[in-house]
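Following: one structure in structure tokens, then a few remarks.
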Amino acid sequence: MAPPLTRRTLLQGAILAAAVPGIGAGAAATASASASAVTLPPPRAWTLHPFPLDTVKLGSGIFATKRRLMLDHGRGYDVNRLLQVFRANAGLSTGGAVAPGGWEGLDGEANGNLRGHYTGHFLTMLSQAYASTGDQAYADRIRAMVGALAEVREALRGDPRVLAVTGKWGGAHENVRGSYQYVDLPAAVLGNAAAITLSVWVKPTHNADWQRVFDFGDNTTRYLYLATRNASGVPRFAITTSGPGGEQGLNGTAALPLNQWSHLAVTLSGSTGTLYVNGAAVARNTSMTLNPSVLGTLANNWLGRSNFSGDPVYAGAFDEFNVYARALTAAEITSLQTNEAKNSSAGLGNLASYYFSATTGGTFADASGRGLTATLRRTWGGPSHPGFLAAYPETQFIELESMTSGDYTRVWAPYYTAHKILKGLLDAHLATDDGRALDLASGMCDWMYSRLSKLPDATLQRMWGIFSSGEFGGIVETIVDLYSLTGKAEHLALARLFDLDELIDACAANTDTLDGLHANQHIPIFTGYVRLYDATGETRYLTAARNFWAMVVPQRMYGIGGTSTGEFWKARGVIAGTIGDTTAETCCAYNLLKLSRMLFFHEQDPKYMDYYERGLYNQVLGSKQDKADAEKPLVTYFIGLKPGHVRDYTPKQGTTCCEGTGMESATKYQDSVYFKKADGSALYVNLYSPSTLTWSEKGVTVTQATDYPREQASTLTFSGSSAAFELKLRVPSWATSGFRVTVNGSAVGGTPVAGSYFTVSRTWRGGDTVRVTIPFRLRVEKALDDPTLQTLFYGPVNLVGRSTSTGYLPVGLYANAALSGDLLPSVTPVSGKPLHYTLNGTEFAPFFEGTEDPTHAYVRRAEPRVVFGNTDSGVANPARSDGTTLLDEVWAGAPFADRSALVTRVRSVVNAWVSAGLLGQADGEKVVSTAQGATFVL
């Protein structure tokens, strides 16, 4: 293991050394002719290695069915819609594509400040889809997206260039909404004229109020402007030397149509100002006292931008902007409606005249003869580094550096979004060996390092501790993964710059400080810290991650494997007290699975894979609706565990973080079915799932045939070469009896232990068959803070009641419990519907079924009377002060070999309760007598 590296050492090394030459934009930037996979080198610290997705093929079953829905969505969705926000940010043509909306668009929550994240998720989904299926259609889509993103970065690296579109008279320039571009005019453009006409053709594409056609001013006190829409939705011209309260204005009478050319003109002469729309005078003010000569020379002379920073940049096209040092007549204005200015009776503006089709660059010549060249600019200037890539300006990253508290309407997790894009690019490279994707990813890390390495550690600690705005997701893991390919010291140093020391130190000391923290802001941090341990050997990272995991599982975990309420954690051990409509954010389960998997690579504690099965077979599967949809992936945000909750598969405004991770989950279901020992000495079977593993190093193929969890067994068949290794079969923690293994029909010796791995060691040959039997039993799990609030499990499957009731369903399960302790005899199977049961008239079904039925994940346990084998003793079921009932204590002794053993247990418990004064002697005798006479299922 490498010796621990300090942050200072890494930073100095990044500055002074160049471990590997930077990835250039030359050979590395070309796409492979045919897609092929690249594999990340496994860390030396991992004692267990995963198999690549393309070596494990899913067979028919619940996973393949769910995956098919997502594969179809990924294959059919128009990726140009995802690229729209990136192209717009770079001032490129969007080809008429409409952004997905919701969080991935300018009109979504918090002004669309998270846009770009969903595109990264989609790239990862496509990459996993290609790796899993080999379908070239996914590789083609990946290459198209990567190529477009490369074009976006190239455009951002330079000054903005005209976007030529069809104009009123020929060519025109379009400001794509989201480009934040404007035309900067020289200060002399108004010529200090006492009389003036400003004439322009516009084609607005968005209906936001206060978009400026032009704005000439020094600040928000001294200016004149023309807006396409005021607060009433009509054009407005105004001039002032004393701010909004002193404006002398002209208001139109009707809204300008979108996506159509309109002519606007303003004339000022003496005390009269007139506003013309399409040649008609729509407003006149005869009390005007202000004109450009009063304003004097102004600092900001803009087309498309306001002197008020909160106003939107104009979205739409410009054609012909002319400024005249006189007030045109109504006839001249009319002439401009049917003629180019040069052919009209008005002629070209003598103060300024611009034809926006006259260039392919970023400057516009002045046809007035005054030589006032105009320049296309971005409101935010441009990137601080050539590696910058995003779907919005760099401003969110800049503003975060001075923030002291979160405000997602200003800054919404920019490094979180950067992570999704970075991860998508890295996955695209790994799936297709597209060097452009690697170049883009490496450039992003170079850019982030150039920003963050300049900041004091105190600033970084403050940033990463800010709720929402400072969230950075799993970026550390991805940066370390990238570092394993580039070897650039700056990249490892960058990963260390995301250390949140207060959290790391608390968790390393096993001090639980999670109460009140935003859950999904912190879970993926620890997967990254484990990777930092791999890269640096610093043990505090791994220790912190292990301890953190145990603070969540089971202390803040719902039965389905989810965590959080309203996105946040509450106090340790509080489960019942947090259940509601906003419990169990789906992203949290996704990230807990990743962390569990990562920890298992270091330490083969079966608890990690027990959790993995729980979360995967319940929350993750259940978060995907069992329905096809071309527009949406149909994945929950909050799963909701409140009684009667109906899952929402199109949450919020769409394209949320959970829909993004949901796309990823559904295309990598097989990633943890099998692992191998680092030295190749063992094969771990972690999940019982229909699949085929190709273990090329051994020349062995393992085919697993099962309908698990509808089937309580699985068969593994070997083919290919002979190879000696240990086969390690997971014995789930709930499989407390009956777990059996046969090889070629013969029982394997040994005693399987629940919550462990059962080892079969031999030389495996083609044709060998292993049969694993895993008997299920119906059991309950109790909420940590309320033992009467319980959730039902049959084997790995969480069973939920389907009922419109909004109160907890009262459920009794001991009445016909089996001697084994299995509660299944108390429920009735539903014919033709595997894993469906009825109890007291309510149907219980697997949580993993993605329906819109109202569900009850938790029920209220109610065993009011002592009943054995459906025989009622007539005695009330007494309870201790902690809620434990007499029946709870009796059945805690299961399994029982026979009825006699059960009766012995009943007599012992009854005697203790009678002695404690909790049960009368006569009632105790009735209880024992009932047990003696009852008939039990074995």
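Everything in the sequence shown is counted per my numbering, starting at 240 for the first residue and increasing by one.
Even glycine gets a Cβ: it sits at the ideal position worked out from N, Cα and C.
In this text the structure is predicted, and so the values were computed from the model without any measurement.
For D311, the closest C-alpha among the options G298, G355, G984, Y369 is that of Y369. DSSP, read as helix, strand or coil, puts E579 in coil. Counting along the chain, the unbroken alpha helix (DSSP H) around D379 starts and ends at 375-396.
When only Cα atoms are considered, H360 and T294 end up about 22 Å apart. In the DSSP secondary-structure assignment, G410 is bridged to T405. The Cβ-Cβ distance between L331 and V391 falls below 8 Å. The straight-line gap separating the alpha-carbon atoms of S1044 and I878 is approximately 18 Å.
In this chain, F877 is not harboured by any alpha helix (DSSP H), its DSSP state being neither H nor E. Annotation: the continuous alpha helix (DSSP H) that includes D740 extends over 740-747. Under the DSSP assignment, T614 falls in the beta strand (DSSP E) whose first and last residues are 613-617. By the beta-carbon neighbour count (other beta carbons within 10 angstroms, threshold 16), V1176 is exposed.
At the C-beta level, V1066 and L1078 come within 8 Å of one another.
Secondary structure at I435: strand, using DSSP grouped into helix, strand and coil. The DSSP assignment places 613-617 as complete runs of the beta strand (DSSP E) inside the segment 613-673, in order along the chain (cut-off: 3 residues).
Residue environment analysis places P496 among the exposed positions, since fewer than 16 neighbouring C-beta atoms fall within 10 angstroms of its C-beta.
With distances taken between CA atoms, R1099 lies nearest to V1019 out of H730, R616, V1019, N589.
Taking the CA atoms as reference points, N561 sits about 26 Å from P483. Exclusion of the five residues before and after L388 leaves F325, L628, L679 as the residues of its chain whose Cβ lies within less than 7 Å of its Cβ. The distance from the Cβ of I478 to that of L463 is about 4 Å, consistent with a contact at the 8 Å cut-off. By the 16-neighbour rule on beta-carbons within 10 angstroms, V533 is exposed. Rounded to whole angstroms, the gap between the alpha carbons of R649 and S574 is 46 Å. As computed with DSSP, N524 is found in a beta bridge with G512. About 19 Å separates the beta carbon of V939 from that of L926, a gap too long to meet the 8 Å contact definition.
In this structure, F1086 and N857 form a Cβ contact; the two beta carbons are roughly 5 Å apart against a cut-off of 8 Å.
Its Cα nearest to that of S961, the residue V941 stands out among T954, V941, A974. As computed with DSSP, V1106 is found in a beta bridge with D1111.
Fewer than three pairs of CB atoms, one per stretch, sit closer than 8 Å, so the segment 272-289 makes no contact with the segment 338-353. Beta-bridge analysis with DSSP links R1099 to L1028, P1049.
Per DSSP, G988 has no beta-bridge partner at all. Excluding residues up to 5 positions away in sequence, N431 lie with their Cβ nearer than 8 Å to the Cβ of G535 in the same chain. When beta bridges are read from the DSSP output, A962 appears opposite W1003.
Our two residues, A394 and F453, have alpha carbons roughly 25 Å apart in a direct line. For I478, no alpha helix (DSSP H) encloses it; the enclosing beta strand (DSSP E) starts and ends at 475-479. Taking V719 as reference, the option from E806, L771, L1028 with the minimal CA-CA separation is L771.
If you compare the alpha carbons of L1126, L742, F290, I301 with that of T945, the shortest gap goes to I301.
A residue is called buried once 16 or more other Cβ atoms fall within 10 Å of its Cβ, and Q420 is buried on that count.
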